[in-house]
Amino acid sequence: MGTKGVANLEGEYRKTLKIQLQDVSFRYTHSFQPNSDWVLRHISLTIEQGDFIGIVGPSGSGKTTLIQLFNALLRPVEGQILVDEIPIQNYSREITKIRQRIGIVFQFPETQFFENTVYDEIAYGLRNLKIPESEIEQQIREKLALVDLDYAIFRNRSPFRLSDGEKRRVAIASILVMEPKVLVLDEPTAGLDYRSIILLKQVIRRIFQQGKTIVIVSHDMDFVGALVHRIVALQRGQICFDGPKTEFFKNMALVNSTHLKLPRAFEMAVRLQKKGIPLVLPIYELEDLQHQLRELAAPL
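If you read the sequence shown in our numbering, its first letter stands for residue 5, the second for the next number, and so on.
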């Protein structure tokens with residue numbers, strides 16, 4: 005079935021999507037505080053189809069505000085945002101379509117559950133689009149499988165009675181069912197235990213392998229380091245780094261200035277190499293570090 009139902013409502017469904025922010029600045033303006041401080045200043049950023057990006061930075065650096073600009077939940081005060089080369093303001097009558105194509109899973113998304121079953125929770129968006137129920141069922145089967153939840157077991161369960169990790173994956177499925185080209189995850193590991201984070205990591209890898217562009221906002225550098233290819237670091241509302249993750253993590257002055265920590269496996273591997281252990285760097289996952297150490301310890 006794929007994207008047929010959603011695609012028909014949009015006309016010709018584009019296979020790729022590009023987001024460009026050009027010298028964007030933003031501040032929250034209120035009548036009681038008309039001259040509030042800028043949250044984001046002079047942000048220029050391009051997200052291409054197939055990117056796997058981590059947006060990092062200290063609390064209050066503007067990360068969540070930035071992702072809300074991607075799909076017009078917020079509008080820039082200065083500068084412009086283009087989606088597929090078209091200024092986002094030109095989509096004024098098609099904002100719903102933009103939000104279908106750029107799906108955001110906010111922090112603790114399960115707090116917004118309101119349906120009685122997992123099936124109805126995931127089906128909600130498609131039903132609003134008047135998709136036939138037979139297509140909805142097929143989509144839900146596919147998306148539950150994608151997030152590692154068995155359809156027969158979970159379809160009639162209450163989303164409120166799931167584990168935290170299961171709730172998070174149901175929330176992701178409810179966005180994926182709309183067939184976005186870009187999936188944005190805001191602090192996806194918040195509140196999850198180690199096992200749930202491992203499962204979530206596997207799910208996100210699988211989603212990326214199916215062709216989604218993925219943007220992760222997180223303070224969890226173990227999670228970010230293991231997954232993303234590119235880091236965009238924010239500091240006081242401005243981009244202080246945009247490039248390959250290894251370049252970011254090698255720059256300790258930059259990492260320290262953003263009040264972040266190195267991924268544990270990366271830091272341990274660097275220290276061991278400095279002590280003469282011939283590891284192949286970079287290493288971002290503890291499992292990979294353990295594997296290399298076992299191979300080095302094995303008899304020839």
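Note that CB positions come from ideal geometry on N, CA and C, so glycine has one too. Being a predicted model, the structure only gives us computed values, none of them experimental.
Looking at the backbone, the Cα of L264 and that of I208 are separated by about 22 Å. Under the 10 Å beta carbon count, L70 is surrounded by 16 or more other beta carbons and is classified as buried. Counting along the chain, the unbroken alpha helix (DSSP H) around G169 starts and ends at D168 to L180. With fewer than 16 other Cβ atoms inside 10 Å of its own Cβ, G64 counts as exposed. Non-local beta-carbon contacts of A149 in its own chain, meaning distances under 8 Å to residues more than five positions away in sequence, involve Y155 in chain order. For G247, there is no enclosing alpha helix (DSSP H); the enclosing beta strand (DSSP E) has its first and last residue at Q242 to P248.
If you draw a straight line from the Cα of Y198 to the Cα of N94, it is about 44 Å long. Within its own chain, the residues whose Cβ lies closer than 8 Å to the Cβ of A177, once the five positions on either side in sequence are excluded, are I126, I144, K147, L148, L150, V151 and L153, listed in chain order. Residue T100 holds the alpha-carbon nearest to the alpha-carbon of L77 among T100, S40 and R173. Judged by beta-carbon spacing, P286 lies within the 8 Å limit of T250, meaning their Cβ atoms are closer than that value. Taking C-beta atoms as the reference points, V87 and I102 count as a pair closer than 8 Å. For D154, the three-state secondary structure derived from DSSP is coil. When secondary structure is reduced to three states using DSSP, S48 falls in the strand class. Per DSSP, the continuous alpha helix (DSSP H) segment holding L203 begins and ends at Y198 to Q213. In the three-state scheme derived from DSSP, where H, G and I count as helix and E and B as strand, F110 is classed as coil. In this structure, E119 sits away from P184, with a CB-CB distance that is not shorter than 8 Å.
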